[in-house]
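A short write-up of the structure that comes next.
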Amino acid sequence: MNLFGCKFCKVEERLLGGPAKKCERKNFDTLLWALITVFQILTQEDWNMVLFNGMAQTNPWAALYFVALMTFGNYVLFNLLVAILVEGFQESKEEEKRQQASQELKQALAEEERRNEQKQNTCFRRFLRKTCLYKKAEYSLFCFGPKNPFRMRCLQLTQKKWFDYSILVFIGINCITLAMERPSIPPHSFERKFLTFSGYGFTVIFTIEMAMKVIANGCVLGRGAYFKDGWNILDGTLVIISLINVLFELFATGDSPKIFGVIRVLRLLRALRPLRVINRAPGVKLVVMTLISSLKPIGNIVLICCTFFIIFGILGVQLFKGMMFHCVGPDIANVTNKDDCLHDPRNKWVNHRYNFDNLGQALMSLFVLSSKDGWVSIMYQGIDAVGVDLQPIENYNEWRMIYFISFLLLVGFFVLNMFVGVVVENFHKCKEALEKEMREKAREKRLQRKLKRQKYEESVAGRKKKVKKNQPYWHNYGTTRMFLNGVVTSKYFDLAIAAVIGINVISMAMEFYMMPAGLKYVLKALNYFFTAVFTLEAAMKLIALGVRRFFSERWNRLDMFIVFLSVAGIIFEEFEALELPINPTIIRVMRVLRIARVLKLLKMAKGIRSLLDTVGEALPQVGNLGSLFFLLFFIFAALGVELFGKLECSEDHPCDGLGEHAHFKNFGMAFLTLFRIATGDNWNGIMKDALRDDCDSTDHCETNCCVDPILAPCFFVIFVLISQFVLVNVVVAVLMKHLEESNKREAETTDAPEGAPTSDLEKEKDTDVEDGNVEKEISMNTLEQELIEVEQRIEEEIRRRESCCHTEAELQPLYGSSDTYREDDVDYDEDLSAERSGKEFVRISASTSTGSSPNK
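The numbering used here runs 1479 ahead of the 1-based position in the sequence shown.
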């Protein structure tokens, strides 16, 4: 108030009468509106306009106030709130683990008793073995037996790696053709015919793939049946939908609205075809399975969210129902109610899109509020509301803002952050469990490979290799090279290079538009000098450390890359001075890439290097999440083109969010529009355009077509929930988890006893420097002992299954695919024989260890 009170106003000249004073609604004139404006800035809703108004009405230094408020209020305090909530859930999970320990023990005992009872009840199973249905269960489609040549051939083909790769290639090409779809393609053009017939071709290919897998593995019956796997159910469903779509397009005739609606639904479902990529991308599949597993335990928090939404929705209906209507027209200054508005035929009495007339509309408005995008406009509408069929008056009831602020504080910050905290915590827990299983299997394979490699080395050498002492890498250096090594490994050398980099950054920051020729010449000479210094530094390190040791460190590779860019930039600048035919874009790019020299400063700070190492460790997981993000954007972009591709924005049909730079008329712009929605920028305006009433509702409309009033909100709400509330926070959670692990490692390093190696790098140095340190080697005895333990666990599992059931050995099933041979995927039935259980379990374990298929 002291800085900006009564300063957010401007004087406007009227045509009739004297000047009029108009004030912005976002102001600091009173304590109430100052608090509301600060709260709006903290939510990042249109805060830049408040910033620009403050700078325009006072001075540019006013930006410091808003920047400080955003930094400490939003980036520190609100994120601290999220961290506290996540930490609270972690502590509650530890308490739940202690409470559930006894329950898990009781469940284990009850499970053991149930198995003992099932061992005794074998009469029915023995009777079932004699029936025809049991024997036919091992037949694919009840006609292809286990030894059928055609079935065995299909099984061999579907187990080949090239088969999966070829299907993945076809899926990729199909996605490309799907991205080429747009409403503006003429019906009889070559492009339309190409896309139509290519769709038919892909449908045939995927149908053949599904048929081969069904014949090889069975359809429903049998343990390895095709439709017993969740991902196969997804693939099969999409293939069946494609077949139905083809049949409707080929044989459906007439202009019946029902037929047209069915065809449109089938076209929408075509956009789900990229989901088949998940089953063929192990990293993305792991992320999806982890997310699905992490969503199961959040029922309580979802119930809390729904409760708050319903409570505030009902309260909003009671407060604002029928009060969001307003008059729109050229002259509405003297309008006070609906009758006055409609008295002029040019006026319209319209309702705001986000209103509280019923519970459904209230929930939609509250969801927009919870996303913090456009919430200020909805609050202004509630404050201005006077009554039913009455024209709104600005700031009619300012205290109604308590309703909106309370909802944002309780739901927008606390409840939704609780939801994010639960999802993140369960994501980490489920991910650790899945990765633990994968590490156990990888460990067994690794032991087998190490044992084979060790035996091979001993057989070639004829004896165990003698232990050799490691010499320092500089033990055979000459005087000059030893001197260079001492220079480049000195901390003073690093400080000198850091000072040069700092001066170089300052010199690059001195460039500006239309600078004098003398300054330009000086900066050019400095650039040459700094390039020479960096080149000399790289050359000295290369000579002192050697090529192999130099390039083994990532920061040295970065230094060499920067030197290459600097030298290349100078060469291109000289070519430009000689007026040689060089593309000026290349020269501009090389100048821009000189900024990469700033990265050399990062390796000087230990904390920054730790952060960068953390980001590097998290890149594989973030890459998988990025792939899932891309898949999500791809599917919703294809859906958006099909749903909103015919929306029109013009003077006759004005838009709030859609326009030249945001629309769904083609796949590329739809992708960019979804990225804008994911950032939360005016997504409610885009949804408002999709729900407008002035549109063509006929079945065969070509422009400005209406969108289903239920389907459009579902599209945007689902995308906003997944992108803004789940995936983005999971990416942040992955980085936080790796940073936490990095901090733990640093803490352990700090607490290590004096003289002990404190990092992998120091261990390597100690190994290189100290005499008496020997190269560690995995002994044969250790490997064999670990393999014996693995085999003992397998034998115990076999004995346990032998005690559960007894059946004939000749009823040995034919498994469907190589994936079904994995120990964690095979669903062992308790009515199988001991002989079959033992043989199959050993065979499965062997195939898991060696990575080969048992059928081979």
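Even glycine gets a Cβ: it sits at the ideal position worked out from N, Cα and C.
Computed from a predicted structure; not experimentally measured.
Hey, could you find the ends of the beta strand (DSSP E) residue i is sitting in?
i     : result
K1827 : 1827–1830
For residue i, does the count of other Cβ atoms within 10 angstroms reach 16, so buried, or fall short, so exposed?
i     : result
A1695 : buried
V1807 : exposed
H2140 : exposed
K1505 : buried
R1702 : buried
V1899 : buried
F1804 : buried
P2188 : exposed
S1668 : exposed
V1781 : exposed
I1857 : buried
V2186 : buried
F2030 : exposed
V2199 : buried
V2001 : exposed
Q1797 : exposed
E2121 : buried
Over the uninterrupted alpha helix (DSSP H) stretch that includes residue i, give me the two end residues.
i     : result
C1806 : Looking at the DSSP string, C1806 is not in any alpha helix (DSSP H); the run it does join, the beta strand (DSSP E), is 1804–1807.
V1865 : That residue, V1865, is in no alpha helix (DSSP H); it is neither H nor E in DSSP.
E1728 : 1709–1730
L1770 : 1761–1774
F1787 : 1778–1799
A2191 : 2190–2199
W1986 : Strictly speaking, residue 1986 in this sequence is Ser, with Trp absent from that position. 1970–1988 is the span of the alpha helix (DSSP H), which, as asked, contains S1986.
M1843 : 1838–1849
W1641 : 1640–1658
P1628 : 1628–1637
W1526 : 1526–1536
L2126 : First-last for L2126: undefined, no H or E at that position.
A2075 : Careful: A2075 lies outside any alpha helix (DSSP H) and carries neither H nor E.
I1684 : 1669–1696
V2186 : Per DSSP, V2186 belongs to no alpha helix (DSSP H) and is neither H nor E.
V1546 : 1542–1548
L1700 : Where L1700 is concerned, there is no enclosing alpha helix (DSSP H), given that its DSSP letter is neither H nor E.
Does DSSP put residue i in a helix, a strand or coil?
i     : result
S2138 : Note that residue 2138 is Gly in the sequence shown here, rather than Ser. Of the three classes helix, strand and coil, the one that applies to G2138 here is strand, per DSSP.
D1823 : coil
F1623 : strand
L1560 : helix
N1816 : strand
D2168 : helix
L1926 : helix
L1963 : helix
C2180 : coil
L2151 : helix
F1886 : helix
D1508 : coil
Q2291 : Unreliable placement is indicated for Q2291, whose pLDDT of 37 sits below 50; no coordinate value is reported for it.
V2068 : helix
K2255 : Its pLDDT being 39, under 50, K2255 is placed unreliably by the model, and nothing is read from it.
L1869 : strand
D2092 : helix
D2038 : helix
Looking at the C-beta of residue i, does it have a partner C-beta in chain C at a distance below 8 Å?
i     : result
W1512 : The question asks about chain C, but that chain is absent: this structure has only one protein chain.
Am I right that residue i and residue j are in contact with their C-beta atoms under 8 Å? What's the rounded C-beta distance?
i     : j     : result
T1516 : V1529 : 6 Å
G1866 : D1836 : Rounded, the Cβ-Cβ distance is 14 Å, inconsistent with contact.
F2143 : F2123 : 4 Å
F1518 : G1533 : In fact, because the Cβ distance is near 16 Å, the residues do not count as touching under 8 Å.
G1891 : A1841 : In fact, because the Cβ distance is near 16 Å, the residues do not count as touching under 8 Å.
L1657 : R1749 : 7 Å
Stretch pair the region 1894–1909 + the region 1768–1780: three plus CB contacts closer than 8 Å: At 8 Å Cβ cutoff, the stretches touch.
Cβ contact (3+ pairs, closer than 8 Å) linking the region 1753–1768 and the region 1868–1877: The region 1753–1768 vs the region 1868–1877: no contact.
Any 3 or more C-beta pairs closer than 8 Å across the region 2145–2152 and the region 2107–2124: Yes: the two stretches touch, three or more of their Cβ pairs being nearer than 8 Å.
Cβ contact (3+ pairs, closer than 8 Å) linking the region 2004–2015 and the region 2043–2051: Look at the beta carbons and you see the region 2004–2015 touching the region 2043–2051: at least three pairs across the two are nearer than 8 Å.
Contact the region 1709–1726 vs the region 2088–2097: 3+ CB pairs below 8 Å: No, because fewer than three Cβ pairs between the region 1709–1726 and the region 2088–2097 fall closer than 8 Å, the two stretches do not touch.
Sufficient close CB pairs (3 or more, under 8 Å) joining the region 2178–2185 to the region 1684–1693: Per the Cβ contact rule, the region 2178–2185 is not in contact with the region 1684–1693 (fewer than 3 Cβ pairs under 8 Å).
Meets three-Cβ-pair contact criterion under 8 Å: the region 1878–1887 and the region 1847–1864: Output reads yes: the region 1847–1864 touches the region 1878–1887.
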